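The structure under discussion appears below in the form of C-alpha cells.
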Amino acid sequence: MEIKICPNNLSKLELKYIHNLLIEAFEQDFSAEDWQHTFGGTRVIGLIENKVVAHAALVPRRIWLDDIAHQVGYLEGVAVLPKFQKQGFGSELLASVSDFASKNYQWSMLSSSEKHFYRKQGWQDFLGQSFVLINDTAIATQTENDGLMCLAMGKHQIPSPMRAVCEPRSGDYW
55 MEIKICPNNL SKLELKYIHN LLIEAFEQDF SAEDWQHTFG GTRVIGLIEN KVVAHAALVP
115 RRIWLDDIAH QVGYLEGVAV LPKFQKQGFG SELLASVSDF ASKNYQWSML SSSEKHFYRK
175 QGWQDFLGQS FVLINDTAIA TQTENDGLMC LAMGKHQIPS PMRAVCEPRS GDYW
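Right under this line is the structure:
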C-alpha cells in the first residue's frame with residue numbers, strides 16, 4: 055500500500071470517494087458531523103493501484119491539557135474499506151499518521167472504542183477527566199473519558215494529562 059500525506063486540497067471527486075469509503079467502513083454509522091470533523095487538517099490516505107482504500111485525518115484543535123492551551127492534532131475518520139481490512143493496511147496507515155502527528159504536534163488525541171489498535175502505535179489511554187468549554191464554563195464529558203487516548207511528541211511514554219478541555223463543535227465534542 056502506498057501512503058500519501060495530503061494537505062487539505064483534494065478535489066470534490068476525491069472527497070466524495072473518501073466520504074463513501076468512511077460510510078462503508080463505518081457500516082453507515084458515519085454522520086454529517088463526523089464527516090465535517092475530518093476537515094481543516096491533513097489527510098493521510100492509503101492507495102492500492104491508485105485507489106484509496108484507507109483514510110485518516112489529523113485536524114488541529116485547541117484543547118487545554120492540565121489548564122495549558124495546546125494546538126492538538128486530533129485524529130478523525132480512521133478507516134479501511136471492508137474488503138481490505140484485517141490485512142495490516144490499517145496498522146500501516148496508523149503508523150504513518152502517528153509518526154506525522156508525533157513530529158508536528160506536542161500532543162495528539164483521539165476518541166475510539168478500538169483502543170487496542172491504537173496502543174500498538176504508541177497511543178496511551180487518557181487517564182484524566184474530560185470537559186467541554188461552554189460559555190466559559192468547563193462541563194464534564196464523563197462518558198467520553200474511556201475512549202480518549204493521547205500521543206506525545208516523539209511518541210514518548212510520558213504521563214497522560216489529567217484534565218482535557220475542548221471547545222464545543224457539532225456532533226460529538228470529542
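Just so you know, we're using the working numbering here: the sequence shown kicks off at 55 and counts up by one.
Beta carbons: idealized from backbone N, C-alpha and C, even for Gly.
Treat the numbers as computed from the prediction; the structure is a model and nothing was measured.
Limits of the unbroken beta strand (DSSP E) element including residue i
| i | result |
| --- | --- |
| residue 217 | 217-220 |
| residue 59 | 56-60 |
| residue 103 | Element bounds for residue 103: n/a, residue is neither H nor E. |
| residue 130 | 122-134 |
| residue 203 | 202-206 |
| residue 188 | 183-188 |
| residue 197 | Unbroken run through residue 197: none, as it is neither H nor E. |
| residue 228 | Premise fails: residue 228 is in no beta strand (DSSP E) and is neither H nor E. |
Buried/exposed call for residue i, threshold 16 Cβ in 10 Å
| i | result |
| --- | --- |
| residue 61 | exposed |
| residue 152 | buried |
| residue 215 | buried |
| residue 115 | buried |
| residue 124 | buried |
| residue 198 | buried |
| residue 194 | exposed |
Beta-carbon gap between residue i and residue j smaller than 8 Å
| i | j | result |
| --- | --- | --- |
| residue 99 | residue 109 | yes |
| residue 131 | residue 158 | no |
| residue 55 | residue 107 | yes |
| residue 73 | residue 225 | no |
| residue 181 | residue 222 | no |
| residue 175 | residue 148 | yes |
Bounding residues of the alpha helix (DSSP H) (the contiguous stretch that carries residue i)
| i | result |
| --- | --- |
| residue 177 | First-last for residue 177: undefined, no H or E at that position. |
| residue 90 | 86-90 |
| residue 144 | 143-158 |
| residue 64 | No alpha helix (DSSP H) contains residue 64, which DSSP labels as neither H nor E. |
8 Å contact criterion, which residue i and residue j should meet: CB distance rounded
| i | j | result |
| --- | --- | --- |
| residue 203 | residue 161 | Incorrect: roughly 11 Å between the Cβ atoms, too far for contact. |
| residue 217 | residue 120 | 5 Å |
| residue 105 | residue 156 | Not a contact, Cβ separation roughly 28 Å. |
| residue 191 | residue 154 | At roughly 34 Å, the Cβ-Cβ gap does not stay under 8 Å, so residue 191 and residue 154 are not in contact. |
| residue 201 | residue 145 | The Cβ separation is near 19 Å, so there is no contact. |
Practice task
Would you check if the region 165-174 and the region 77-93 touch, i.e. whether three or more CB-CB distances between them fall below 8 Å?
Solution key: No, the region 77-93 is not in contact with the region 165-174.
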